[in-house]
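Take any residue in the sequence shown, note its place counting from 1, add 10, and you have its number in our numbering. For every residue, glycine included, the Cβ atom is placed at its ideal position computed from N, Cα and C. Accompanying notes for the structure given below.
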Amino acid sequence: MSDFNTREFYDRYCEALNAHEWDRMDEFVSESILSHGQPATRADVVAALKGIADAVPDIHWEIKEVVIHGETLACHSVNHGTPTKEWLGVAPAGAPIEIDEVAMYRIHDGKFVQMSNVHDVEALKKQLAG
Numbered sequence: 011m012s013d014f015n016t017r018e019f020y021d022r023y024c025e026a027l028n029a030h031e032w033d034r035m036d037e038f039v040s041e042s043i044l045s046h047g048q049p050a051t052r053a054d055v056v057a058a059l060k061g062i063a064d065a066v067p068d069i070h071w072e073i074k075e076v077v078i079h080g081e082t083l084a085c086h087s088v089n090h091g092t093p094t095k096e097w098l099g100v101a102p103a104g105a106p107i108e109i110d111e112v113a114m115y116r117i118h119d120g121k122f123v124q125m126s127n128v129h130d131v132e133a134l135k136k137q138l139a140g
């Protein structure tokens, strides 16, 4: 993996996320992964991303900071968008949302094999409700 550029890989992944190019996820996500410590598939990851984009069609992940150590990547991003459908059990108020997210990844053989993220769900629900 000496020629593998982790930052370039992650930048391409984020570009695909922000373009909502879900069909490209096979470039980035292993078929079988750990998602929040639980076994999952690439299809599970794609379904979750599609669910977010369905509720927030203009969702955009703005990368603020990336830390790379070996096969581990950590990222702080700010997620922006305007929800148009119920999300997290809350009907949208029509206002844009902005929420900080911290994500952790483990990359092996050029693909994510472990993914998890955290954000303040209660703060997000307050923004959704307006």
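- Under the three-state reduction of DSSP, glycine 91 is assigned to strand.
- In the DSSP annotation of this structure, arginine 17 is not part of any beta strand (DSSP E); the continuous alpha helix (DSSP H) holding it starts and ends at 16–28.
- Straight through space, the alpha carbons of asparagine 15 and aspartate 33 are spaced by roughly 22 Å.
- Bounds of any alpha helix (DSSP H) do not take in glutamate 96, whose DSSP letter is neither H nor E.
- In the three-state reduction of the DSSP assignment, valine 112 falls in the strand class.
- When rounded, the separation of the alpha-carbon atoms in alanine 103 and lysine 136 is 10 Å.
- Straight-line spacing of the CA atoms in aspartate 68 and glutamine 124 works out to 26 Å.
- The Cβ neighbour count for alanine 57, taken over all protein chains shown within 10 Å, is under 16; the residue is labelled exposed.
- Here DSSP, grouped into helix, strand and coil, assigns valine 76 to strand.
- Between asparagine 89 and glutamate 111, the C-beta spacing is below 9 Å.
- Less than 9 Å separates the beta-carbon of glycine 91 from that of valine 66.
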